[in-house]
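Q:
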Amino acid sequence: MSHAPRNSFIAPGVSRYSRSVAYSKKALYKRQKSTVAAPVKETAAEKTVEVKGAKNGGKRTVPAQKAPRFYPAEDVPQPKVSRKTAKKTALRSTITPGTVVILLAGRYRGKRAVVLKQLDSGLLLVTGPFKINA
Numbered sequence: 047m048s049h050a051p052r053n054s055f056i057a058p059g060v061s062r063y064s065r066s067v068a069y070s071k072k073a074l075y076k077r078q079k080s081t082v083a084a085p086v087k088e089t090a091a092e093k094t095v096e097v098k099g100a101k102n103g104g105k106r107t108v109p110a111q112k113a114p115r116f117y118p119a120e121d122v123p124q125p126k127v128s129r130k131t132a133k134k135t136a137l138r139s140t141i142t143p144g145t146v147v148i149l150l151a152g153r154y155r156g157k158r159a160v161v162l163k164q165l166d167s168g169l170l171l172v173t174g175p176f177k178i179n180a
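Counted the way our numbering counts, the sequence shown spans residues 47 to 180.
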């Protein structure tokens with residue numbers, strides 16, 4: 047049975063400790079980083095192939111990798127027309143301007159923020175109080 051994680055979750059995706067605190071708790075900075083360089087294989091650009099027939103010379107040099115059969119056309123590709131339309135995003139009734147929310151994703155996950163307003167795209171405009179986050 048595995049042990050309990052040192053950095054437990056407050057909510058799904060929101061850790062109790064930040065990445066930097068978890069890094070220092072694990073003392074990863076003390077461990078020695080070991081990397082093994084992969085051996086580089088030298089491949090020949092051409093290879094010799096036996097050719098049948100008495101009058102054909104016996105051998106030919108051919109490229110090791112075949113050239114592609116099809117090359118891209120020179121004309122500029124036209125972008126596809128998008129038929130997607132933006133729908134009005136329904137916001138929870140409890141989230142009003144001035145509500146303190148906890149961010150659940152991204153760089154600032156776990157931080158508190160104050161909702162200012164909902165933009166036309168449905169995105170929430172928030173500001174973070176320094177006193178709570180610091």
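In this text, a Cβ means the ideal position worked out from N, Cα and C, and glycines have one as well.
Rounded to whole angstroms, how far is the Cβ of Val95 from the Cβ of Val108, which I believe are closer than 8 Å?
A: Right, the Cβ-Cβ distance comes to about 5 Å (below 8 Å), so this counts as a contact.
Q: For Arg155, which of Ser64, Pro51, Glu88, His49 has the nearest alpha-carbon?
A: Comparing Cα-Cα distances from Arg155 to each of Ser64, Pro51, Glu88, His49, the minimum goes to Ser64.
Q: Counting only the same chain and skipping the five closest in sequence on each side, list residues whose C-beta sits under 6 Å from that of Gln164.
A: Excluding positions up to five away in sequence, the list reads Leu137, Leu170.
Q: Counting only beta-carbon separations shorter than 7 Å, does Val147 have a partner in chain B?
A: Chain labels in this structure do not include chain B; a single protein chain is all it has.
Q: Rounded to the nearest angstrom, how far is the Cβ of Val161 from that of Gly144, given a contact under 8 Å?
A: Contact holds; Cβ gap of about 7 Å.
Q: Output the residue ranges of the alpha helix (DSSP H) runs that lie fully inside the stretch 106-180 and measure 4 residues or longer, sorted by chain position.
A: Fully enclosed alpha helix (DSSP H) runs of 4 or longer: 176-179.
Q: Please list the terminal residues of the continuous alpha helix (DSSP H) segment that includes Ala68.
A: First-last of the alpha helix (DSSP H) with Ala68: 65-72.
Q: Where Ala57 and Thr140 are concerned, what is the direct C-alpha to C-alpha distance, given to the nearest angstrom?
A: The straight-line gap from Cα to Cα measures roughly 19 Å.
Q: Less than 8 Å between the CB atoms is what I'm expecting for Ala110 and Ala91, so what's the real figure, rounded?
A: Yes, they are in contact, since the Cβ atoms of Ala110 and Ala91 sit about 6 Å apart, within 8 Å.
Q: Just to confirm before moving on: does the CB-CB distance between Arg62 and Ser54 stay below 7 Å?
A: In this structure, Ser54 lies closer than 7 Å to Arg62 by Cβ.
Q: What is the DSSP secondary structure of Lys87, counted as helix, strand or coil?
A: If DSSP states are grouped into helix, strand and coil, Lys87 belongs with coil.
Q: So, at 6 Å on beta carbons, what are the nonlocal neighbours of Val60 in its own chain, with the 5 sequence-adjacent residues on each side left out?
A: These residues qualify, in order along the chain: Leu150, Arg155, Gly156.
Q: Whole angstroms are fine: how far does the CA of Val147 sit from the CA of Ser167?
A: Roughly 19 Å separates the two Cα atoms.
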